[in-house]
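Undergrad: For the sequence shown, position 112 (counting from the first letter as 1) is numbered 112 according to the numbering used here, and the numbering increases by one without interruption. All C-beta atoms in this analysis are idealised placements derived from N, C-alpha and C, irrespective of residue type, glycine included. All values derive from a computational prediction rather than experimental measurement.
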Amino acid sequence: MTNQVQSIESLSKKPEEPKIIVNLRRIKRKIMIMSGKGGVGKSTVAANLATGLTLRGYRVGLLDCDIHGPTIPTIFGLESERPGFNEEGILPIQVLPNLSVMSVGFLLENKDSPIIWRGPAKMGAIKQFLEEVKWGELDFLIIDLPPGTGDEPLSVAQLIPNCDGSVLVTTPQDVALISVRKSIRFSEKLNIPIIGLVDNMHGLICPHCGESIDVFGTGGVEKASKDFNIPILARLPIEPKVAEMEDKGTVVREMLEHSTEWQKNFEYVVNAVEKTLEEK
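Next up, the structure:
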């Protein structure tokens, strides 16, 4: 009789919710930043988006899931920082009172250390971040995915429940556009709403005459936008100062100044992601 009672009690118990769902429950919007290939400025967009939302008063977290290219610590000038740990979990690095970041780069002895991990180890690290990093209450969690549409970004995307949208970063070259089309299909198959495209490195502003030089050509991003009915959120020119601010880790200061055409155009990206809070 006792065994029967125990069996009935065990059947009546609700199954425990996955740790990731529990840990991310206090986050209003989870936004993925994706690219079909590396080197198109995905992490730059992720860092500036997180900063831009923060400067509008939102509580923001930035999770760097780019295992083999964790540049977020460098972009924010935090290479010497290390996350804290307590009995509840992992404490992200505070950039501003309402902006916190976490990256595998914080766990490396130095920025030149290669990450020679097999697939299960990499996914184990990301899963641990999603389960144990204590973000607290957030308006936005910006997730910098690994580039491409292979096993790594797929595994990360599948781990994150109920993603609210993706921003796809590309450049005007044909080879990059082939890749971004794959990212569009990737998002569609995973039922991740696509907020829009960011056309990065869209021309070079001549420092002498102010005219735009189409270094990588034009028209390809517009065609992808029309083919898939996805808006272009912003066209961001090649801007040496943006590269300089990342190398120096001065993204926050530069975003406050809005001193380049790149940063002015980037506000359209922030606007589009901000609007996701008004939905649902």
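Which one or two residues does DSSP pair with Arg235 in a beta bridge?
TA: Asp199
Undergrad: Out of Val95, Leu96, Ile178, Pro70, point me to the one whose CA is closest to Val104's CA.
TA: Comparing alpha carbon positions, the residue from Val95, Leu96, Ile178, Pro70 closest to Val104 is Pro70.
Undergrad: Along the chain, where does the alpha helix (DSSP H) that runs through Asn98 open and close?
TA: Neither: Asn98 is in no alpha helix (DSSP H) and is coded neither H nor E.
Undergrad: Can you tell which of Asp66, Leu107, Lys37 has the C-alpha that lies nearest to the C-alpha of Phe85?
TA: Leu107
Undergrad: Would the region 153–162 count as touching the region 197–208 if we require 3 or more Cβ pairs under 8 Å?
TA: no
Undergrad: From Thr276 to Arg185, what does the alpha carbon distance come to, in whole angstroms?
TA: 21 Å
Undergrad: Quick check on Asn265: does DSSP put it in helix, strand or coil?
TA: helix
Undergrad: For the alpha helix (DSSP H) holding Phe129, just list the boundary residues, first then last.
TA: 119–132
Undergrad: Pull up the CB-CB distance for Glu239 and Glu222, whole angstroms please, since I reckon it's below 8 Å.
TA: Actually they do not touch by this definition, with Cβ atoms about 21 Å apart.
Undergrad: Would you check if the distance between the CB atom of Asn180 and the CB atom of Leu233 is smaller than 8 Å?
TA: Reading off the sequence, residue 180 comes out as Val, not Asn. Not a contact, by the Cβ cut-off of 8 Å.
Undergrad: Mind reading off the beta-carbon distance from Lys248 to Gly77? Whole number of angstroms is fine, and I expect it under 8 Å.
TA: Between Gly77 and Lys248 the Cβ distance is about 7 Å, and since that is below 8 Å, they are a contact.
Undergrad: Counting C-beta neighbours from all protein chains within 10 Å, is the total for Lys264 16 or more, i.e. buried, or is it exposed?
TA: Flag for Lys264 reads exposed.
Undergrad: Ignore the nearest five residues each way along the sequence and tell me which others in Thr74's own chain have a CB closer than 8 Å to its CB.
TA: Gly105, Lys111, Glu246, Asp247, Gly249
Undergrad: Let me know the secondary structure DSSP gives Asn72 once reduced to three states.
TA: According to the sequence shown, residue 72 is Ile rather than Asn. Note: Ile72 maps to helix in three-state DSSP.
Undergrad: Around the Cβ of Arg56, are there at least 16 other Cβ atoms within 10 angstroms (buried) or fewer (exposed)?
TA: exposed
Undergrad: Using a C-beta cutoff of 8 Å, does Glu267 count as contacting chain B?
TA: Protein chain content of the structure displayed is limited to a single chain, and chain B is not contained in it.
Undergrad: Select from Asp214, Ile195, Asn23 the residue whose C-alpha is nearest the C-alpha of Asn229.
TA: Ile195
Undergrad: Helix, strand or coil, according to DSSP, for Ser155 in the structure here?
TA: Helix.
Undergrad: Among all the DSSP beta bridges, which residues are the ones paired with Gly89?
TA: Asn86
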